[in-house]
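Novice: In this note's numbering, the protein residues as written are 695 to 1307.
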Amino acid sequence: MTGRQSPSQSQPARLRVMATTDLHAHLVAHDYYSDSSGIPLGLTRVATLVKTARAKAQEDGNATLLVDNGDGFQGAPLGENILHGQEARHPLMTAFSIMGYDAMGLGNHDFNYGLPTLARLLKDAPCPAICSNMSAIEPGLELPFVSSTIVDKTIPAVPDAPPLRIGILSVLPPQTVIWDAYFLEGRVVVQDMVNAAKDAARALRDQGCDVVVALAHTGLGDQDAVLNMENALYPLMALPDIDAYVAGHTHLALPDPQTPTTSPVVMPGAFGSHLGLIDIALHWDGTGWQVQNTKATLQSVAPSDSAMVAEDAQLKAALHDDHIEACGRLNQPVGRVDAPLHSFFTFFSHDRSLALTASAQAAAVRAYVAGTPAADLPLLSAAAPSKFGARAGPSFYTDVPAGPVTMRHVTDLQIFPNQLRAVEITGIELLDWLEMSAGIFNRITPGSQDAALVDEARAGHNYDVIFGIEYDIDVTQPARFNAVGTLVNPTAKRIRNLRWNGDLIRPDQRFLVALSSYRASGGGHFNMVRYAPQLSLPQVRLRDVVRDYISGQLMRDPLEEAPSPWRFAPIGDTQVLLRTGPAASAHIAELPADRLSLLPVDTNGFLGLRLQL
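See the structure below:
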């Protein structure tokens, strides 16, 4: 054969997709709750990986695309300048500009502050912000993002070919409207992710895109599609027209050998723990680009077989002023506490940090309803842990020492920007609420030894403890509700001896319950709470309520003196296994020595415990 060899035959072409997700404002390697640096997380570490991955691709004459998959603005104190009246650029946008992001998808938590605040944040975005399945229904409402975007990338390895046309779409859970109902309900609608992604991908193909990348802020879910799934990655991967997927929301690390997938997908953990890479091999056939194969990999900032990745000096310097401002804000004095407040034992023993939060909520609601008919109802208070280890690792626990309290400690107790709410519920709704919470536990067979007590596939922040009542939890029973709130075992009754003021609670008995805005809107699939009547309260953050309670601005509440509301129903000759952070060893004396034994720290860094039920 004679003639000129085509560029595609002489050298392969590739697109390297680099991805982050669920940063939750963990932009530098600093733990703001303990005021310690050098932690194995943070975008400054990921930035080093990005520079290396980008340089290697460019050295080979290939193109790169850097994307983020949402939930980046909030979740750590560094991201909260917007809550304190500051008009300066959000540090996430500073970081994305320096790192050269090409596009950013939106996650459910990006709407926690409402649409006007999101618009204010995104005005400084250095790249398109995308959401393909949210649209406005309020007349005249302009949303601060696009439904999709197209990025053209030249591939130097094939100089005679036109730029590669890359279409990017982004979807988030339809439940976002429920979780932030106060800001979103009646203003926007969120379409089913699978249907929206299918339509968006087809539209991008019709616009001539050679490659389509889906930013899917969602977890794996079930294989079969059901309308309005929260976690829909498996059905999404069955769609045509999409070449690569960036997943998120559930903070997993994918790809994972234990979790086979049918399409190239990365889920780069959370908090800046990983960089996801999808390398797409391409072929220019003279008329168009063709995808030949793909390879998805993860790079950890703290690999087990080598040194921790260093922070990128340029990005760290650019974020220095924001970091100093956050530290100064957190060092403001508040008051003091007489005993440690921690969440190390939250799933199996009394949690004083939850008790304090519940007491603070009750004190605030009691003051607001004084002199109204609502004041005649028994007042309860629901609180759930926000830091409980699990996928976030063995250091992710609330840990406030006895003594002086600063805003750093208050933030450790309340890491989310939730607001105070109060709902009126019946005894039967209260019972189902507790049954839904008790789904965190695995079913334990009497007489069994060393079964795992906690189902870590269920979100720990959906374990509500309700103060002001007393109840037993019988874990020999199956869970009444599954993780998405569906009644799966109608005859199951894990909650026993539900009492108020010593008397069994009647199904029609009415209560007032103080709680978070997240739970009041049905967050965590608590439908029995979502539809309960809400009281009209001023807009106040739970963090401010806790601050005012510790400082003495709120009156001490009677719930503070109430006994621990729950216990496990005894099971003879049965032992279970639990995991907690190794720092829990300083508090082991709080647990019953005759029913507890310590186990070695496991390969993931968790301290093991064996408990007699």
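Ideal Cβ positions, reconstructed from N, Cα and C, are used throughout, including at glycine.
For clarity, every value in this text was computed on a predicted model and none was experimentally measured.
Which residues in the same chain have their Cβ closer than 6 Å to the Cβ of Gly-1218, if we skip the five residues on either side of it in sequence?
Specialist: By 1-based counting over the sequence shown, the position of residue 1218 is 524. Asn-1156, listed in sequence order.
Novice: Based on the DSSP secondary-structure assignment, which residues constitute the bridge partners of Phe-1205?
Specialist: Here residue 1205 refers to the residue found at position 511 when the sequence shown is read from its first residue. Answer by DSSP bridge pairing, in chain order: Ile-1119.
Novice: Going along the chain, which residues of its own chain have a beta-carbon closer than 6 Å to the beta-carbon of Gly-697, five neighbours each way excluded?
Specialist: On the sequence shown, residue 697 is found 3 positions in, with the first residue counted as 1. Annotation note: pLDDT 34 at Gly-697 (below 50); position unreliable, coordinate value reported separately. Hits under 6 Å: none found.
Novice: Whose CA, out of Ile-1189, Ala-1078, Phe-1038 and Ala-1177, lies closest to the CA of Leu-1128?
Specialist: For the purposes of this step, residue 1128 is taken as residue 434 along the sequence shown, with counting starting at 1. Minimum Cα distance to Leu-1128 is reached at Ile-1189.
Novice: I'd like to check one pair, Ala-770 with Asp-798: are the Cβ atoms closer than 8 Å?
Specialist: For the purposes of this step, residue 798 is identified with residue 104 of the sequence shown, where counting begins at 1. For the purposes of this step, residue 770 is identified with residue 76 of the sequence shown, where counting begins at 1. The residue you asked about is not Asp; residue 798 is Met in the sequence shown. No, these two residues do not count as a Cβ contact at 8 Å.
Novice: Starting from Tyr-795 and walking both ways along the beta strand (DSSP E), at which residues does that stretch end?
Specialist: Within the sequence shown, numbered from 1, the residue matching residue 795 stands at position 101. No beta strand (DSSP E) holds Tyr-795; DSSP gives it neither H nor E.
Novice: Report yes or no: do the segment 1221–1236 and the segment 1022–1034 share at least 3 C-beta pairs separated by less than 8 Å?
Specialist: The segment 1221–1236 vs the segment 1022–1034: no contact.
Novice: When the distance is taken between beta carbons, is Gly-915 closer than 8 Å to Ala-926?
Specialist: Locating residue 926 in the sequence shown gives position 232, counting from the first residue. Locating residue 915 in the sequence shown gives position 221, counting from the first residue. Contact: yes.
Novice: Got a sec? Which residues, its chain only, sit under 8 Å from Ala-1068 by beta carbon, not counting five neighbours each side?
Specialist: Translated into the one-based positions of the sequence shown, residue 1068 becomes position 374. Within the same chain, Ala-1068 has close Cβ partners Ala-1116, Glu-1118, Leu-1206 and Leu-1229.
Novice: Tell me the start and end of each unbroken beta strand (DSSP E) in the segment 1160–1235 that is at least 3 residues and wholly inside, in chain order.
Specialist: For the segment 1160–1235, whole beta strand (DSSP E) runs of length 3 or above, ordered along the chain, are 1164–1167, 1189–1194 and 1204–1210.
Novice: DSSP has Asn-987 in a bridge; who is on the other side?
Specialist: As a first step, residue 987 is located in the sequence shown; it is residue number 293 there, counting from the start. Bridge partners of Asn-987: Ala-975.
Novice: What residues match up with Val-1295 in a beta bridge as DSSP calls it?
Specialist: Here residue 1295 is taken as the residue at index 601 of the sequence shown, counted from 1. The partner list for Val-1295 (beta bridge, DSSP) reads Leu-1301.
Novice: Please classify Met-1249 as buried or exposed, where buried requires at least 16 neighbouring CB atoms within 10 angstroms.
Specialist: On the sequence shown, residue 1249 is found 555 positions in, with the first residue counted as 1. Exposed: under 16 other Cβ atoms inside 10 Å.
Novice: Going residue by residue through the segment 1041–1088, where are the continuous beta strand (DSSP E) segments of at least 3 residues, counting only ones entirely within it?
Specialist: The segment 1041–1088 contains these whole beta strand (DSSP E) runs: 1073–1077.
Novice: Please report the residue range of the beta strand (DSSP E) in which Phe-1262 lies.
Specialist: On the sequence shown, residue 1262 is found 568 positions in, with the first residue counted as 1. Unbroken beta strand (DSSP E) run through Phe-1262: 1260–1262.
Novice: Whether or not the segment 1293–1307 and the segment 1187–1202 are in contact is what I'm after, with contact meaning three or more pairs of Cβ atoms, one per stretch, closer than 8 Å; do they touch?
Specialist: The answer is no - the segment 1293–1307 does not touch the segment 1187–1202, with fewer than three Cβ pairs under 8 Å.
Novice: Whose CA, out of Ala-823, Ile-1244, Ala-897 and Glu-1123, lies closest to the CA of Phe-767?
Specialist: Looking up residue 767 in the sequence shown gives position 73. Among Ala-823, Ile-1244, Ala-897 and Glu-1123, the Cα nearest to that of Phe-767 is on Ala-823.
Novice: Helix, strand or coil: how does DSSP classify Ala-938 here?
Specialist: In the sequence shown, the residue the question calls residue 938 occupies position 244. Note: Ala-938 maps to strand in three-state DSSP.
Novice: DSSP beta-bridge partners for Leu-909?
Specialist: As a working note, residue 909 is residue 215 in the sequence shown. Answer is Ser-864 and Val-940, bridged to Leu-909.
Novice: Alpha carbon to alpha carbon, what distance is there between Leu-721 and Leu-969?
Specialist: Taking the first residue of the sequence shown as 1, we reach residue 969 at position 275. Taking the first residue of the sequence shown as 1, we reach residue 721 at position 27. Between Leu-969 and Leu-721, the C-alpha separation is close to 13 Å.
Novice: For Thr-758, which three-state DSSP category applies?
Specialist: To locate residue 758, count along the sequence shown from 1; it is residue 64. Three-state result, Thr-758: strand.
Novice: My output table needs one value for Tyr-1091: the three-state DSSP class, helix, strand or coil.
Specialist: Here residue 1091 refers to the residue found at position 397 of the sequence shown. Strand.
Novice: Do three or more CB pairs link the segment 1048–1056 to the segment 1270–1284 at distances below 8 Å?
Specialist: Short answer: they don't touch.
Novice: For Phe-1135, does the three-state DSSP call read helix, strand or coil?
Specialist: Here residue 1135 corresponds to residue number 441 of the sequence shown, with the count starting at 1. Looking at Phe-1135 - three-state DSSP - the assignment turns out to be strand.
Novice: From the DSSP secondary-structure annotation, give me the bridge partner or partners of Ile-844.
Specialist: Within the sequence shown, numbered from 1, the residue matching residue 844 stands at position 150. In DSSP, Ile-844 forms a bridge with Gly-861.
Novice: What does a CB cutoff of less than 6 Å around Arg-1235 pick up in its chain, not counting 5 residues either side in sequence?
Specialist: Locating residue 1235 in the sequence shown gives position 541, where the first residue counts as 1. Answer for Arg-1235: Gln-1113, listed in chain order.
Novice: Could you tell me which of Leu-1253, Ala-1186, Met-1222 and Trp-1260 sits nearest to Val-1159, measuring between CA atoms?
Specialist: Residue numbering aside, residue 1159 sits at position 465 when the sequence shown is read from its first letter. Comparing Cα positions, the closest option is Trp-1260.
Novice: Using alpha carbons as the reference points, say which of Arg-1304, Ile-792 and Phe-839 lies closest to Leu-812.
Specialist: Position 118 of the sequence shown, counted from the start, is the residue given in the question as residue 812. Considering only alpha carbons, the answer is Phe-839.
Novice: Between which two residues does the alpha helix (DSSP H) holding Arg-1030 run?
Specialist: Your numbering for residue 1030 matches position 336 in the sequence shown. Counting along the chain, Arg-1030 falls outside any alpha helix (DSSP H), though it belongs to the beta strand (DSSP E) covering 1027–1031.
Novice: Out of Arg-1137, Phe-1161, Ala-1256 and Pro-1184, state which residue places its alpha-carbon closest to the alpha-carbon of Gln-1171.
Specialist: Walking along the sequence shown from the start, residue 1171 turns up at place 477. Gln-1171 has its Cα closest to that of Arg-1137, out of Arg-1137, Phe-1161, Ala-1256 and Pro-1184.
Novice: Could you have a look at Ala-770 and say whether DSSP puts it in helix, strand or coil?
Specialist: By 1-based counting over the sequence shown, the position of residue 770 is 76. Correct three-state label for Ala-770: coil.
Novice: Can you tell me where the alpha helix (DSSP H) with Ala-895 in it begins and where it stops?
Specialist: The residue given as residue 895 occupies position 201 in the sequence shown. Here the alpha helix (DSSP H) through Ala-895 covers 887–900.
Novice: Whose C-beta lies closer than 6 Å to the C-beta of Ser-1131 among residues of the same chain, with five residues either side of it excluded?
Specialist: Position 437 of the sequence shown, counted from the start, is the residue given in the question as residue 1131. Contacts found: Tyr-1157 and Asp-1158.
Novice: Provide the residue(s) that pair with Gln-1269 in DSSP beta bridges, ordered along the chain.
Specialist: In the sequence shown, the residue the question calls residue 1269 occupies position 575. Looking at the DSSP assignment, Gln-1269 forms a beta bridge with Gln-1143 and Gln-1306.
Novice: Could you give the distance in angstroms between the alpha-carbon of Lys-1010 and the alpha-carbon of Ser-1142?
Specialist: As a position in the sequence shown, residue 1010 is number 316, starting the count at 1. As a position in the sequence shown, residue 1142 is number 448, starting the count at 1. If I take the Cα positions, the gap works out to 51 Å.
Novice: Could you tell me which residues DSSP puts in a beta bridge with Gly-970?
Specialist: As a working note, residue 970 is residue 276 in the sequence shown. DSSP, once it has assigned bridges, lists Ala-713 and Leu-992 as partnering Gly-970.
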